[in-house]
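As they're listed, the protein sequences go chains A and B.
Quick note on my numbering: the first sequence kicks off at 108 and runs consecutively.
Quick note on my numbering: the second sequence kicks off at 10 and runs consecutively.
Glycine residues also receive a C-beta, built at the ideal position from the N, C-alpha and C atoms.
Read through the structure below, which is laid out as structure tokens, and then see the notes.
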Amino acid sequence: MTVAQKAASQRVSVFRRRSTFGLVLGLLAAAVVFSTWLAVSIGAVQVGLAECWGIVANRLFPGSVTPFWTPVQEQIVWDFRLPRALLALLVGAGLSVVGAVLQALVRNPLADPFLLGISSGASLGAVAVFVLGASALGGLSLSAAAFGGALLALVLVYVLAQRGGRLIPSRLVLAGVALHFLFQAIYSYILQQAQSGRAAQQVLFWLLGSLGGARWEMLPIPAIVLGAGVAYLLVQHRPLNALAAGEDTATSLGVNVGAFRLQMFVLTSLPVGVMVATSGAIAFVGLMVPHAARLLVGADHRRVLPVSALLGAAFLQLVDIAARTVDAPQELALTIVTAVFGAPFFLWLLRRRA
Amino acid sequence: MRRLLVLALLLTACGQTTPAAAPVEQKAITVQNCGRTLTFDQPPAKVVTGYQPSLETLLALGLQDKIVGRTAFEENGPDGFLPGQKAFYDAIPQISETIMLPQKEVMLAQGADFVIDNGQSSFDPAGGYATVDELQTAGAPVFVLGNWCSPEETLKSTVEQTFIDLRNLGIVFGVQDRAEKLIADLQAQLADVEKRVAGRPKVKVLATDGGTGPVTAYGGAGLMNQMIAKAGGENVLAATQADYSEFSVEQVAAANPEALLVIDYVVYDGKAAPTADKKAADVLGVAKNSPAATEKRVLPIPAAAAHPGYRNILAIVEMAKFLHPDAFV
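In structure tokens, the structure reads:
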């Protein structure tokens with residue numbers, strides 16, 4: 108057992124044994140499958156279960172089922188629900204894994220994808236397109252502008268937080284928070300100056316996160332970026348554990364701390380930019396899911412990362428189902444729902460641990 | 010506009026629901042508005058107007074000489090104005106660069122003796138605006154159109170409130186005869202529409218402000234829902250308790266609208282706000298199997314017409330002609 112793992116295993120966990128970890132993974136995988144089944148089966152408009160899954164089966168294996176449903180039902184299930192469910196899984200897993208990595212990286216339990224100013228950079232880009240119009244930004248689409256804003260924030264945070272090419276965690280956090288407030292000030296100003304309050308209402312909805320725009324044609328980019336990003340982050344458990352035990356320990360274990368921090372910073376920022384561009388700024392998930400994962404399986408990143416991914420995916424799926432059904436046919440913004448459902452669950456876990 | 014948003018956030022309610030004309034006494038003029046009694050010794054002569062429909066309403070009563078300041082109105086450019094009103098608009102001093110009233114100090118410095126707007130957002134202290142109380146204390150009673158006194162009352166607003174407002178404005182300015190003439194004219198137009206669309210099958214209408222998911226649209230409460238009904242349509246979202254809200258793409262697709270109304274507030278100088286065409290294309294993409302999509306049956310509605318003011322009745326006529334062209338040959 109390495110020093111890092113020893114340090115990690117010293118932290119109390121609800122489920123410590125290997126077999127229990129397997130059980131947690133299995134249960135969470137089942138939760139992901141069940142929540143996704145539910146997401147495709149229910150929505151603002153009632154479509155029978157037979158129709159729902161007949162549509163999916165016939166799309167996956169053309170001709171396997173003779174259509175007995177209406178074109179609108181097919182549109183609802185195949186064009187709206189399925190891509191939205193898949194995006195929920197991707198974004199939920201992405202936010203959670205990125206959150207877990209960032210918390211280890213800057214050694215700050217309050218770190219989340221939004222702490223480093225990247226989400227507010229993306230929000231600034233989106234608000235500019237919403238309010239000033241695409242023409243004001245050279246014809247950029249909302250997603251492109253949001254991603255551009257995230258990149259801008261990333262570069263600024265990096266420039267401000269590095270010294271001699273090395274990222275300093277405390278400066279990273281402070282620069283990120285300062286930029287966050289600066290970006291927030293700018294987009295709030297744009298919103299307040301907006302002639303049209305209707306645009307402001309739509310922006311506010313978007314800023315609070317929504318998967319409502321999910322369509323097949325917009326899935327490839329998040330799927331590739333998040334899929335590859337999460338997969339790569341998942342195998343970084345060894346240096347992350349070393350870093351969690353302290354910089355000196357990590358260095359003695361052969362981790363080039365400076366290079367690793369920089370690499371992780373870029374590799375977490377890009378998925379955040381993509382996620383904010385596709386689904387707005389969804390709070391709570393990236394901050395709390397990693398902590399919930401640690402409460403379940405301890406602090407070892409070998410366990411925390413996959414558990415975070417599955418837990419985050421299932422959690423955001425359930426949250427999105429609530430967002431689109433609780434007040435149907437009106438929709439709620441995701442951030443309203445994430446905390447309402449997530450906070451009690453997290454507090455329960457916290458109490459259990461105590 | 011912004012008032013919708015701020016209204017939704019506004020916590021203060023005005024209390025009473027239906028303002029009605031109080032009996033006119035010998036000297037003091039009094040009317041009820043948003044649960045307040047507005048009292049005047051003589052008709053106001055230094056009026057400040059808010060969002061465009063409030064100015065339009067006073068112009069329709071021939072009160073242009075009484076208005077000393079107005080807000081900016083850039084929606085839809087020169088076409089955004091009602092016929093004949095652009096010249097009056099140009100002649101009145103502009104005291105705000107936006108559709109909102111100016112900030113508190115600028116507003117109080119106008120020395121107005123009457124302020125009219127629709128909704129409450131231009132009186133929200135959180136936005137830096139002078140409140141209704143502050144203006145009243147400064148000698149400028151505030152008149153809110155459409156009974157949009159609070160979010161709840163906005164949901165209950167009726168087309169008939171337009172006539173109550175006109176009658177009260179007639180009393181305040183001592184132009185009851187003009188007010189009654191305008192009311193009679195507008196009621197005749199409504200009656201004509203009612204007669205023409207009577208017995209015709211209701212057209213299923215979606216009134217939208219665009220979006221690909223969720224879709225921003227008008228639900229079953231508030232002014233727009235009634236305008237659709239009076240024009241011989243049936244709001245496909247009538248079952249919901251909302252005025253202007255975000256709706257599920259599933260619901261929009263399943264609603265199967267036969268016609269689309271798109272709220273249009275393109276700002277003329279090219280900045281801001283997507284065009285009605287763009288918003289219609291987005292929403293018809295969501296409801297792609299609907300008759301509205303296959304027939305591309307779309308009517309842009311100026312945003313000003315979706316707010317309290319006499320323009321909403323003119324819009325009902327346009328909507329009826331669009332939904333039932335055969336009834337107007």
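I think S317(A) touches L134(A), with their Cβ atoms under 8 Å apart; what is that distance to the nearest whole Å? The distance from the Cβ of S317(A) to that of L134(A) is about 29 Å, inconsistent with a contact at the 8 Å cut-off.
Within the same chain, show all residues whose beta-carbon is closer than 6 Å to that of F290(A), passing over the 5 residues directly before and after it, in chain order. The residues are S227, G228 and L231.
So does E65(B) have its beta carbon nearer than 8 Å to some heavy atom of the ligand ATP? As far as ligands go, the structure on display features none, and thus does not contain the ligand ATP.
V271(B) bridges to which residues according to DSSP? Checking the DSSP bridge columns, you'll see V271(B) partnered with T217(B) and P309(B).
Does F123(B) come within less than 9 Å of chain A when only Cβ atoms are used? Closer than 9 Å: no.
Could you spell out where the alpha helix (DSSP H) holding E169(B) opens and where it closes? Per DSSP, E169(B) belongs to no alpha helix (DSSP H) and is neither H nor E.
Note down the Cα distance separating Y265(A) from D133(B), rounded to an integer number of angstroms. Looking at the two C-alpha atoms, the distance is approximately 41 Å.
Is it right to say R459(A) is buried, meaning 16 or more other beta carbons lie within 10 angstroms of its own, or is it exposed? With a 10 Å radius around the Cβ and a threshold of 16 neighbouring Cβ atoms, R459(A) comes out exposed.
Output the boundary residues of the beta strand (DSSP E) element that contains V153(B). Unbroken beta strand (DSSP E) run through V153(B): V151 to L154.
Check whether the stretch 399 to 414 of chain A touches the stretch 208 to 221 of chain B, taking contact to mean three or more Cβ pairs, one atom from each stretch, closer than 8 Å. Under the three-pair Cβ rule at 8 Å, the stretch 399 to 414 of chain A does not count as touching the stretch 208 to 221 of chain B.
Under 7 Å between beta-carbons, which chain B residues line up against V152(A)? List them in chain order, please. Around V152(A), the beta-carbon contacts reaching into chain B at under 7 Å are E259, Q260 and A263.
I'd like to know if K297(B) contacts chain A, where contact means its C-beta is closer than 9 Å to some C-beta of that chain. Answer yes: the Cβ-Cβ gap between K297(B) and chain A drops below 9 Å somewhere.
Grab the span of the beta strand (DSSP E) containing D126(B) for me, first residue to last. From DSSP, the beta strand (DSSP E) with D126(B) extends over F123 to N127.
Using the beta-carbon of each residue, which ones in chain B are nearer than 9 Å to Q210(A)? Listed by position along chain B, the residues whose Cβ is nearer than 9 Å to that of Q210(A) form an empty set, because the closest Cβ is around 32 Å away.
Please name the residues in the stretch 240 to 258 of chain B whose beta-carbon is closer than 8 Å to at least one beta-carbon of chain A, in chain order. For the stretch 240 to 258 of chain B, which is checked against every Cβ of chain A, the residues closer than 8 Å are L246, T249, A251, Y253, S254, E255, F256, S257 and V258.
Quick check: what's the CA-CA separation for R209(B) versus A302(B)? For the pair R209(B) and A302(B), the Cα-to-Cα distance works out to about 22 Å.
Excluding the 5 residues flanking A147(B) on each side, which residues of the same chain have their C-beta closer than 7 Å to its C-beta? Excluding five sequence positions before and after A147(B), the CB atoms of its chain that fall closer than 7 Å to its own CB belong to L117, given in chain order.
With which residues is S254(B) paired in a DSSP beta bridge? S254(B) is bridged to A226(B).
DSSP beta-bridge partners for G466(A)? Coverage of chain A is limited to positions 108 through 461, which leaves residue 466(A) absent and any answer about it impossible.
Run of the alpha helix (DSSP H) containing I76(B), from where it starts to where it stops: No alpha helix (DSSP H) holds I76(B); the beta strand (DSSP E) holding it covers I76 to R79.
DSSP state of T48(B), grouped into three classes? Here T48(B) sits in strand by DSSP.
Assuming V208(A) is part of the alpha helix (DSSP H), what are its boundary residues? Boundaries of the alpha helix (DSSP H) harbouring V208(A): L189 to L212, taken from the DSSP string.
How about E438(A): is its C-beta nearer than 9 Å to some C-beta of chain B? By the rule that beta-carbons nearer than 9 Å mark a contact, E438(A) touches chain B.
According to the Cβ coordinates, are G201(A) and M371(A) closer than 9 Å? No, they are not a contact pair.
Between the stretch 214 to 234 of chain B and chain A, which residues of the former have a C-beta closer than 9 Å to a C-beta of the latter? Cβ contacts with chain A: D218, G219, G220, T221, G222, P223, V224, T225 and G228.
Any C-beta of chain B under 9 Å from that of Q424(A): With 9 Å as the cut-off, Q424(A) does not count as an interface residue toward chain B.
Report the three-state DSSP secondary structure of T107(B) (helix, strand or coil). Coil at T107(B), not helix or strand.
Which term fits D335(B), buried or exposed, when burial requires 16 or more other beta carbons within 10 angstroms of its beta carbon? Flag for D335(B) reads exposed.
Identify, in the order they occur along the chain, each residue of the same chain with its Cβ nearer than 6 Å to the Cβ of G279(B), setting aside the five sequence neighbours on each side. Bear in mind that a pLDDT of 47 at G279(B), under 50, signals an unreliable position, so the model cannot answer this.
CA-CA distance, P414(B) and A292(A)? The structure shown does not extend to residue 414(B), since chain B is modelled only from 10 through 338, so no value can be given for it.
Any residues in the stretch 175 to 186 of chain A with a beta carbon nearer than 7 Å to a beta carbon of chain B? Which ones, in chain order? The residues in question are P178, V179, Q182 and I183.
Quick check: what's the CA-CA separation for D252(B) versus A296(B)? Rounded to whole angstroms, the separation of the alpha carbons of A296(B) and D252(B) is 20 Å.
Could you check which residue in A257(A), A400(A), A384(A) and V342(A) has the C-alpha nearest to that of L132(A)? That would be A400(A), whose Cα lies nearest to the Cα of L132(A).
By Cβ distance below 8 Å, which residues in the same chain neighbour I38(B) in space, the five residues on each side in sequence not counted? Non-local C-beta neighbours of I38(B) in its own chain, meaning closer than 8 Å and more than five positions away in sequence, comprise T48, F49, D50, Q51, P52, I180, V181 and G183, ordered along the chain.
Three-way DSSP call (helix, strand, coil) for R205(B) in this model: In this structure, R205(B) counts as helix in the three-state DSSP scheme.
Pick out whichever of L258(A), T177(A) and V154(A) has its Cα sitting closest to the Cα of P378(A). Between P378(A) and the set L258(A), T177(A) and V154(A), the nearest pair of CA atoms involves L258(A).
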